[in-house]
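Chains as they are written, first to last, in this note's numbering: chain A, 1 to 251; chain B, 252 to 502. Glycine included, every Cβ here is placed at the ideal spot set by N, Cα and C. See below for the structure under consideration.
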């Protein structure tokens with residue numbers, strides 16, 4: 001059995017203050033860091049530590065490379081933004097293992113939780129995820145649009161709050177428009193909608209609007225979209241701002 | 252305007268290594284800590300810092316007390332386990348504000364994200380939340396059972412992974428049995444089910460089973476229940492254990 005190990009680690013949404021002490025410690029102890037360049041760039045260089053950066057579009061290759069390094073006896077930290085278990089690298093690693101080198105199954109492999117983008121976005125707004133919610137990736141790269149549509153519709157009809165990941169990319173602008181058209185056919189126009197972009201980073205921008213007034217084309221790869229339930233509401237603050245929350249009780 | 256402030260802070264699921272540096276810093280800076288006893292007991296005593304413990308059943312009173320302390324000019328940290336925005340104190344604070352003293356609306360009040368119990372439970376298993384999922388509280392203290400039932404059914408029919416919070420308490424054992432009966436009528440008996448209890452704490456216990464074989468009576472207040480989608484699967488490890496994950500692609 002190999003002495004190598006693979007820790008799948010989430011850095012949180014951006015700032016150091018949202019990275020867990022565990023993630024920090026695992027990154028320090030690793031002989032090799034593997035990840036998308038923008039995530040590795042957040043981490044200070046450490047003497048003797050190897051870095052393997054890769055483009056975001058080859059996730060399964062990155063997972064395989066990390067597994068091979070661990071098999072060669074290295075101590076590998078595979079880093080993601082947010083939480084690695086939410087539409088991120090953890091599932092990719094297990095996909096790779098399922099169809100890959102059987103020796104990978106003897107490695108010490110652990111996933112470690114982090115603050116996910118939806119929790120950070122919700123915190124900025126107040127407490128919009130304070131009650132039942134559904135989390136859906138709008139990327140149709142790996143699943144048929146029909147499956148996405150069915151879930152968006154079911155979640156809207158059952159009055160869940162919705163958190164939409166991967167709403168759009170440069171190559172993929174249609175899903176978010178289709179999803180909003182579908183939502184508008186099920187939910188009232190006054191439903192609260194928030195576009196939370198790059199929360200915790202310097203270019204953070206939160207746009208609060210309604211389903212009737214929303215322009216889905218402002219969503220990009222760094223945007224998390226939150227759609228309220230029938231109970232989600234705003235509270236006006238004395239300074240002209242507001243908080244958004246979903247109460248625990250259902251009227 | 253009062254100089255007081257209220258920070259709504261999550262400690263994460265238990266261990267210090269999952270508490271964000273931000274939460275730690277806010278707790279250190281607070282003049283007053285407010286929270287349920289078991290959460291405050293996790294934190295070291297600090298000289299000059301006041302502690303206001305309360306029983307878990309009076310959440311709205313605890314929120315009001317924290318708001319009044321802030322109004323009196325104190326710097327208050329209201330602490331929850333996990334993430335304060337997920338079925339926890341943040342929504343309770345905004346409920347209190349909506350119907351309470353109008354002066355509370357002029358306070359500096361911020362929610363701060365933490366590692367939620369579902370992210371910790373998922374990490375321990377591998378990556379069961381790697382694809383679309385729905386998060387439902389089974390507590391019928393504040394919402395009618397009909398609303399819960401409708402959401403569990405909709406989420407099961409649309410093939411979401413499910414994360415069930417508050418599955419049972421000493422006074423409330425029926426909902427989890429009713430939810431499992433409903434799930435068994437919609438989903439195949441071989442669907443993977445995990446009961447993740449007290450993840451990250453000394454009495455952590457994870458029970459992996461199937462919908463057909465599950466005994467829902469093992470769930471208690473400290474248990475997070477995960478129900479797989481049709482795609483959620485296990486990968487056998489060389490040591491006899493397994494990982495559980497939900498792939499990104501939908502077949």
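C-beta contact flag for residue i and residue j at 8 Å
i	j	result
residue 132/A	residue 230/A	no
residue 499/B	residue 381/B	yes
residue 264/B	residue 371/B	yes
residue 303/B	residue 319/B	no
residue 478/B	residue 437/B	no
residue 82/A	residue 135/A	no
residue 443/B	residue 363/B	no
residue 206/A	residue 125/A	yes
residue 440/B	residue 460/B	no
residue 257/B	residue 327/B	yes
Option nearest residue i by Cα separation, candidates the options
i	options	result
residue 94/A	361/B, 374/B, 324/B	374/B
residue 90/A	299/B, 442/B, 495/B	495/B
residue 285/B	306/B, 276/B, 270/B	306/B
residue 96/A	62/A, 186/A, 183/A	62/A
residue 339/B	435/B, 260/B, 404/B	260/B
residue 493/B	110/A, 3/A, 85/A, 81/A	110/A
residue 430/B	329/B, 317/B, 476/B, 454/B	476/B
residue 64/A	80/A, 86/A, 100/A	100/A
residue 470/B	427/B, 337/B, 290/B	427/B
residue 216/A	246/A, 188/A, 198/A, 184/A	184/A
residue 145/A	167/A, 157/A, 163/A	167/A
residue 197/A	165/A, 75/A, 85/A	165/A
residue 182/A	154/A, 173/A, 73/A	154/A
residue 369/B	98/A, 92/A, 143/A, 84/A	84/A
residue 40/A	80/A, 74/A, 58/A, 71/A	80/A
residue 267/B	425/B, 497/B, 294/B	294/B
residue 37/A	174/A, 73/A, 58/A	58/A
residue 143/A	420/B, 325/B, 497/B, 425/B	497/B
residue 325/B	281/B, 274/B, 445/B	281/B
residue 275/B	329/B, 424/B, 343/B	329/B
Cβ-based burial, residue i [other Cβ within 10 Å; buried from 16]
i	result
residue 20/A	buried
residue 171/A	exposed
residue 269/B	buried
residue 473/B	buried
residue 251/A	exposed
residue 3/A	exposed
residue 414/B	buried
residue 213/A	exposed
residue 279/B	exposed
residue 577/B	Residue 577/B lies beyond the stretch modelled for chain B, which goes from 252 to 502, so this question has no answer here.
For residue i: DSSP bridge partner residues
i	result
residue 163/A	135/A, 226/A
residue 360/B	257/B
residue 446/B	458/B, 476/B
residue 303/B	285/B
residue 235/A	243/A
residue 437/B	Looking at the DSSP assignment, residue 437/B forms no beta bridge with any residue, so it has no partner.
residue 150/A	Paired residue(s): none; residue 150/A is not in a bridge.
residue 430/B	Answer is none; residue 430/B lacks a bridge partner.
residue 248/A	DSSP, once it has assigned bridges, lists no residue as partnering residue 248/A.
residue 69/A	Looking at the DSSP assignment, residue 69/A forms no beta bridge with any residue, so it has no partner.
residue 80/A	10/A
residue 452/B	Answer is none; residue 452/B lacks a bridge partner.
residue 378/B	496/B
Please determine if the segment 92–106 of chain A and the segment 487–501 of chain B are in contact, where contact requires at least 3 C-beta pairs separated by less than 8 Å. yes
When you compare the segment 289–301 of chain B with the segment 390–404 of chain B, are there three or more beta-carbon pairs, one atom per stretch, that lie closer than 8 Å? no
Is the segment 450–459 of chain B touching the segment 392–404 of chain B in the sense that three or more CB pairs, one from each, lie closer than 8 Å? no
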